[in-house]
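So the structure is just underneath, and the comments pick up after that.
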Amino acid sequence: MTHLAIAANGLRKSYGDKTVLDGVDLTVPEGTIFSLLGPNGAGKTTAVKILSTLITADAGDIRVGGHDLATHAQAVRAAIGVTGQFSAVDGLITGEENMLLMADLHHLSRDEGRRVAAELLERFDLTEAARKPASTYSGGMKRRLDIAMTLVGDPRIIFLDEPTTGLDPRSRHNMWQIIRELVSDGVTVFLTTQYLEEADELADRIAVLNGGRIAAEGTAEELKRMIPGGHVRLRFTDPAAYRSAASALHESARDDEALALQIPSDGSQRALRTVLDRLDSAGIEADELTVHTPDLDDVFFALTGTATVPAQTDQPKETVR
Amino acid sequence: MSNLNLAVRDSSTMLRRNLLHARRYPSLTLNLLLTPVMLLLLFVYVFGDAMSAGIGGGDRSDYVAYIVPGLLLMTIGSTTIGTAVSVSNDMTEGVIARFRTMAIHRGSVLIGHVIGSVVQSIMSVVLVGAVGLAIGFRSADATALEWLAAFGLLVLFTVALTWIAVGMGLVSPNAEAASNNAMPLIFLPLISSTFVPVDSMPGWFQPVAEYQPFTPAVETLRGLLLGTGIGHNGWLALVWCLALTALGYFWSTSKFDSDPK
């Protein structure tokens, strides 16, 4: 059996009469990336805050890095590194000073501290900006500095709370690369995100958190198998064409308002040709044809029951300072 | 590493951080320093004649001697407003959350703030004291021991007000609120015996003025430097310092140790 980096049982937290976490169980094996996925307000940040000793849970058995969180918080702290949702850098001092501050707090010797700081600044492409105040950094640079600071103590378990929220696409891909490299060194990563693409891209296992409960857990593939398969969607502008298509493709699901048909399909060439042939023989031309293969979005919406627009990966959900 | 070692090492790291902030952004401290210096010049050169008549004759130089001790204490009150503001600012920084998740000494963040602020306050006191000397303040007959005691009182008073200010900073959601909450620290010296003797105030108000933290400290400092009577004020000042330190310490640490919002 592999060792567990994080094991939480029956995690509960409420603020007043508002229940944020309502009996959450989590297990994360060492050396893997675990992603906690959920819409805004699902309780992701609260979960990270509890697991990283920042706030206390109302109930639940939690072990992080093999230590009991309730009784050995300092031992847990020695094993973890945390990069919160809002940048945890000291904006008033320079990037280099931030790094040296971390080195001092990890009780590294002066030389060791300088070496580690210089190495990490180099690795995260911050050497040039090292002598500028961190408050002048761009969003992407701040996140990189943030993670570099987290790595000073060589933590075995790293918590990343929405590490790419508010980053532009290039910075986001850089961040993904960084996260992959971390795991290749044997570090365990606990990642929260509201971006399905990100969880799909990075995580070994994904838990969908909704309304304070784990709605589903598994690999991306397992989660995708949990919901009905893909479909072909045909859209029409002419109501007459729409009606005759609907009768030609009687197994389709109708959306009368949008004049659209959904035909269950695996999206293969053969399946598509069948649909097209049947349309041709009925002499109907669709105005738009889209092939929809099941992705985590479907899982997400099926599980969280939200009908709202999916979180767009290029739109930050809130302003990041 | 033993707990004490850890406390000393982490606190000194935090102290370095705070001094770095202060050195990089000295404007807050300088602004707060301006108030006591302006008041000193205002009361001596603008109101000086009227004020010296008010303390029972004498001339302007007598009034300089009268108000400098109080203004030194007021300087402390004024610079500790800066402490409340910078603590409050600091708590909104994400880096504090990071500190809380690190295996460092729990109290080091606050201890770093307190020591950093005390150092800054004492430097401010020395500066205002130098202005006082420049405009003619002279000690009557203070011995080396009395100077030392005066300095000790200033340090104790600074530590006490700083811990209170740290608590005020911790309960304030932002810098503006911190600055407002810390107003008593600059207001109290105005209703102490800093500018006028307590017995010249309305009878109903005298007990308030006499027993609030500043007056006993002002009177003790006057006694040490100018040879006036200290009486029970020495003990009162000491009790106030210790009580405020203890109160501020427990208030601040319990506030800091509770779950952040």
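First to last, the sequence lines map onto chains G and H.
Start counting the first sequence at 1; every next residue gets the next number (our numbering).
Start counting the second sequence at 1001; every next residue gets the next number (our numbering).
For each residue, glycine too, the CB sits at the ideal point set by N, CA and C.
Leaving out five residues on either side along the sequence, give the residues of the same chain with a beta carbon under 6 Å from the beta carbon of Tyr242/G.
Mapped onto the first sequence, residue 242/G falls at position 242. Around Tyr242/G: Phe236 and Leu259.
Can you tell me whether Asn355/G is helix, strand or coil according to DSSP?
A question about residue 355/G goes unanswered here, because the residues of chain G that appear run from 1 up to 321.
To be precise: take each residue of the stretch 1010 to 1033 of chain H, compare its Cβ to all Cβ atoms of chain G, and keep it if any distance is under 7 Å. Which residues remain? Listed in sequence order: Asp1010, Thr1013, Arg1017, Leu1020, His1021, Arg1024 and Tyr1025.
Checklist entry - For Ile1115/H and chain G, any beta-carbon pair shorter than 8 Å? => result In the second sequence, residue 1115/H corresponds to position 115, counting from 1. False, the Cβ-Cβ gap to chain G never drops below 8 Å.
- Message: Using only the alpha-carbon positions, how far apart do Met226/G and Phe301/G sit?
- Response: The residue you call residue 226/G lines up with position 226 of the first sequence. The residue you call residue 301/G lines up with position 301 of the first sequence. One C-alpha to the other measures close to 12 Å.
**Asked** Using a beta-carbon distance cut-off of less than 9 Å, what residues from the stretch 1063 to 1087 of chain H approach chain G?
**Response** Within the stretch 1063 to 1087 of chain H, no residue qualifies.
So, for Glu217/G: in the same chain, excluding its five sequence neighbours on each side, which residues have a beta-carbon less than 6 Å away from its beta-carbon? Within the first sequence, the letter at position 217 stands for residue 217/G. Ala207.
ask   = Using a Cβ-Cβ distance under 8 Å, would Asp1259/H count as near chain G?
value = For the purposes of this step, residue 1259/H is identified with residue 259 of the second sequence, where counting begins at 1. Closer than 8 Å to some Cβ of chain G, the Cβ of Asp1259/H qualifies, so yes.
So what does DSSP say about Leu1242/H, is it helix, strand or coil? Taking the first residue of the second sequence as position 1, residue 1242/H is located at position 242. In the structure shown, Leu1242/H sits in a helix (DSSP, three-state: H, G or I).
| query | Can you list, in chain order, the residues of its chain whose CB lies under 6 Å from that of Asp1010/H, leaving out five sequence neighbours each side? | reply | As a working mapping, residue 1010/H is identified with position 10 in the second sequence. Excluding positions up to five away in sequence, the list reads Ile1104, His1105 and Ser1108.
Which of helix, strand or coil DSSP assigns to Gly140/G
Along the first sequence, one-based indexing puts residue 140/G at 140. Correct three-state label for Gly140/G: helix.
Given that a residue counts as buried once 16 or more other Cβ atoms are within 10 Å of its Cβ, and exposed if not, what is Ser1134/H?
By 1-based counting over the second sequence, the position of residue 1134/H is 134. According to the sequence shown, residue 1134/H is Ala rather than Ser. Ala1134/H is exposed by the Cβ-count criterion.
- [ ] Tell me, please, whether the CB atom of Glu1093/H is closer than 8 Å to any CB atom in chain G?
- [x] Locating residue 1093/H in the second sequence gives position 93, where the first residue counts as 1. By this cut-off, Glu1093/H is an interface position.
- Task: Could you confirm whether any beta carbon from chain H is found closer than 8 Å to the beta carbon of Val89/G?
- Result: Residue 89/G sits at position 89 when you count from the first residue of the first sequence. For Val89/G, a Cβ of chain H is located within less than 8 Å of the residue's own Cβ.
With a cut-off of 8 Å, do at least 3 Cβ pairs link the stretch 98 to 116 of chain G to the stretch 1123 to 1132 of chain H?
These segments do not touch.
Quick check on DSSP: helix, strand or coil for His1021/H? Stepping through the second sequence from its first residue, residue 1021/H is reached at position 21. Here His1021/H sits in helix by DSSP.
Exercise. Over the uninterrupted beta strand (DSSP E) stretch that includes Ile157/G, give me the two end residues.
Key: Along the first sequence, read from residue 1 onward, the residue named residue 157/G stands at position 157. Counting along the chain, the beta strand (DSSP E) containing Ile157/G begins and ends at Ile157 to Asp161.
Own chain partners of Ile55/G with C-beta closer than 8 Å, once the 5 adjacent residues on each side are dropped: Position 55 of the first sequence, counted from the first residue, corresponds to residue 55/G. Listed in chain order, the non-local C-beta contacts of Ile55/G below 8 Å within the same chain comprise Lys13, Thr46 and Lys49, local neighbours out to five positions each way being set aside.
key: Cβ-Cβ separation, Leu1161/H to Gly1077/H (assumed contact under 8 Å), whole Å   = Here residue 1077/H refers to the residue found at position 77 of the second sequence. Here residue 1161/H refers to the residue found at position 161 of the second sequence. Contact holds; Cβ gap of about 6 Å.
Kindly say whether Leu36/G, judged by its beta-carbon, lies nearer than 8 Å to any beta-carbon of chain H.
-> On the first sequence, residue 36/G is found 36 positions in, with the first residue counted as 1. Not closer than 8 Å to any Cβ of chain H, the Cβ of Leu36/G fails to qualify, so no.
In whole angstroms, give me the CA-to-CA distance for Arg1024/H and Ile93/G. Walking along the second sequence from the start, residue 1024/H turns up at place 24. Walking along the first sequence from the start, residue 93/G turns up at place 93. Approximately 8 Å between the Cα atoms of the pair.
Check: Which whole-angstrom value is the C-beta distance of Ile263/G and Val232/G, which I expect to be below 8 Å?
Finding: Along the first sequence, one-based indexing puts residue 263/G at 263. Along the first sequence, one-based indexing puts residue 232/G at 232. That pair is a contact at about 5 Å.
- Query: So who's on the other strand from Lys13/G, going by DSSP bridges?
  - Reply: In the first sequence, the residue the question calls residue 13/G occupies position 13. The partner list for Lys13/G (beta bridge, DSSP) reads Leu21/G.
**Delimiting residues of the beta strand (DSSP E) encompassing Ile178/G** = The residue labelled residue 178/G in the question sits at position 178 within the first sequence. Ile178/G: not part of any beta strand (DSSP E); member of the alpha helix (DSSP H) spanning Pro169 to Ser184, first to last residue.
On the DSSP bridge assignment, give the partners of Val232/G in chain order. Reading the first sequence from its first residue, position 232 is the one you call residue 232/G. In DSSP, Val232/G forms a bridge with Ile263/G and Val291/G.
Secondary structure at Val329/G, three-state DSSP: helix, strand or coil? Any answer about residue 329/G is impossible in this case: the structure gives chain G only from 1 up to 321.
With a threshold of 7 Å, establish whether the CB of Leu234/G neighbours any heavy atom of the ligand FMN.
Summarising the ligand content, the structure contains no ligands, and the ligand FMN is consequently not present.
| Hey, would you say Val89/G sits closer than 8 Å to Met175/G, going by beta carbons? | Working through the first sequence from its first residue, we reach residue 89/G at position 89. Working through the first sequence from its first residue, we reach residue 175/G at position 175. It is not a contact, given that the beta carbons lie outside the stated cut-off.
| At a CB-CB cut-off below 9 Å, which residues of chain H make contact with Ser171/G? | To locate residue 171/G, count along the first sequence from 1; it is residue 171. Chain H residues near Ser171/G: none, gap ~18 Å exceeds 9 Å.
Using beta-carbon positions only, say whether Gly38/G and Asn210/G come within less than 8 Å of one another. Here residue 38/G corresponds to residue number 38 of the first sequence, with the count starting at 1. Here residue 210/G corresponds to residue number 210 of the first sequence, with the count starting at 1. In this structure, Asn210/G lies closer than 8 Å to Gly38/G by Cβ.
Legend entry - Spatial distance of Ser252/G from Ser244/G (CA atoms): Mapped onto the first sequence, residue 252/G falls at position 252. Mapped onto the first sequence, residue 244/G falls at position 244. Distance between the alpha carbons of Ser252/G and Ser244/G: 12 Å.
Beta-carbon proximity list for Thr19/G, same chain, < 7 Å, skipping 5 on both sides: Taking the first residue of the first sequence as 1, we reach residue 19/G at position 19. Gly212, listed in sequence order.
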